[in-house]
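For the sequence shown, the numbering used here assigns the number 803 to the initial residue and increments by one for each residue that follows.
Beta carbons are placed, not taken as given, at the ideal position from N, Cα and C, and that holds for glycine.
Everything on this sheet refers to the single structure shown next.
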Amino acid sequence: MFNNTSGDVFTPEQRGAFKTFIDNGGGWLGIHAAGDNSHEAWPWYVQNIIGTKFTGHPMDPQFQKAEHPATRHLGPTLERTDEWYSFDKSPRGVPGVHVLATLDENTYVQKGPFGQELSMGEDHPILWWRCVGKGRALYSAGGHTAESFSEPAHAKMLAGGLRWVLGLEGEGCSPNHTNGDKP
Numbered sequence: 803m804f805n806n807t808s809g810d811v812f813t814p815e816q817r818g819a820f821k822t823f824i825d826n827g828g829g830w831l832g833i834h835a836a837g838d839n840s841h842e843a844w845p846w847y848v849q850n851i852i853g854t855k856f857t858g859h860p861m862d863p864q865f866q867k868a869e870h871p872a873t874r875h876l877g878p879t880l881e882r883t884d885e886w887y888s889f890d891k892s893p894r895g896v897p898g899v900h901v902l903a904t905l906d907e908n909t910y911v912q913k914g915p916f917g918q919e920l921s922m923g924e925d926h927p928i929l930w931w932r933c934v935g936k937g938r939a940l941y942s943a944g945g946h947t948a949e950s951f952s953e954p955a956h957a958k959m960l961a962g963g964l965r966w967v968l969g970l971e972g973e974g975c976s977p978n979h980t981n982g983d984k985p
């Protein structure tokens, strides 16, 4: 689990070991900063684990309430406060990526520092999964604040995601894996 892991945290040898671990059936759960732009020096991670490139988050205000469709244990929408990440493109178009939740951009302001435009349009994913080799990867762009982890719905989503990446629940991954949007 990379819980707000930011920066270049692995040596080249450790990167190779992580890639081998995932390719051979390991699981990875990334939370918030695990998908920020501090990982750009490792293209394999950005392309194969995250599947899109972080572009920024709002700053005025930094933390905002927003709505997003949610996962199976939740209703069709959920309103919560977080630092909402934007990406250069939706990962939905990346082969093997399955989006589980998107933001409704009509419910918050998408302006970054100095008025930077952060809108992704009608498709603004914040939670997705994919198989990488035989491994499982799930990324949640939510989870910046400490309060996020005491929210029952957010905590339940993370626990379910962790159970999936650990192979304790849901279908597995294989080179020919396709199972719709259910992890």
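Distance between residue j and residue i (C-alpha atoms, nearest Å)
{"i": "residue 814", "j": "residue 961", "result": "30 Å"}
{"i": "residue 831", "j": "residue 965", "result": "10 Å"}
{"i": "residue 995", "j": "residue 895", "result": "The first residue shown for the chain is 803 and the last is 985, placing residue 995 beyond what the model contains."}
{"i": "residue 876", "j": "residue 918", "result": "32 Å"}
{"i": "residue 933", "j": "residue 951", "result": "25 Å"}
{"i": "residue 928", "j": "residue 852", "result": "11 Å"}
{"i": "residue 890", "j": "residue 829", "result": "25 Å"}
{"i": "residue 879", "j": "residue 949", "result": "19 Å"}
{"i": "residue 925", "j": "residue 816", "result": "34 Å"}
{"i": "residue 968", "j": "residue 803", "result": "10 Å"}
{"i": "residue 905", "j": "residue 818", "result": "34 Å"}
Coil, strand or helix - residue i by DSSP
{"i": "residue 1028", "result": "Any answer about residue 1028 is impossible in this case: the structure gives the chain only from 803 up to 985."}
{"i": "residue 818", "result": "helix"}
{"i": "residue 950", "result": "helix"}
{"i": "residue 825", "result": "helix"}
{"i": "residue 927", "result": "strand"}
{"i": "residue 934", "result": "strand"}
{"i": "residue 910", "result": "coil"}
{"i": "residue 887", "result": "coil"}
{"i": "residue 916", "result": "helix"}
{"i": "residue 896", "result": "coil"}
{"i": "residue 942", "result": "strand"}
{"i": "residue 876", "result": "coil"}
{"i": "residue 964", "result": "helix"}
{"i": "residue 830", "result": "strand"}
{"i": "residue 811", "result": "coil"}
Sequence-distant residues of the same chain with beta carbon closer than 7 Å to residue i, five excluded per side
{"i": "residue 930", "result": "893, 899, 900, 901, 902 and 941"}
{"i": "residue 820", "result": "812"}
{"i": "residue 848", "result": "841, 842 and 855"}
{"i": "residue 783", "result": "In the structure displayed, the chain extends from 803 to 985; residue 783 sits before or after that span and is not available."}
{"i": "residue 846", "result": "821"}
Cutoff 6 Å; reference residue i; Cβ partners in own chain excluding five residues on either side
{"i": "residue 908", "result": "none"}
{"i": "residue 963", "result": "831 and 940"}
Top-ranked residue by Cα proximity to residue i, from the options
{"i": "residue 843", "options": "926, 938 and 809", "result": "809"}
{"i": "residue 833", "options": "820, 891, 885 and 933", "result": "885"}
{"i": "residue 897", "options": "850, 912, 911 and 879", "result": "850"}
Beta-carbon proximity list for residue i, same chain, < 8 Å, skipping 5 on both sides
{"i": "residue 935", "result": "824, 825, 826, 827, 975 and 977"}
{"i": "residue 937", "result": "823, 824, 825, 826, 827, 828, 829, 830 and 975"}
{"i": "residue 947", "result": "865, 883, 884 and 885"}
{"i": "residue 945", "result": "805, 806, 833, 834, 884, 951, 956 and 960"}
{"i": "residue 971", "result": "962 and 965"}
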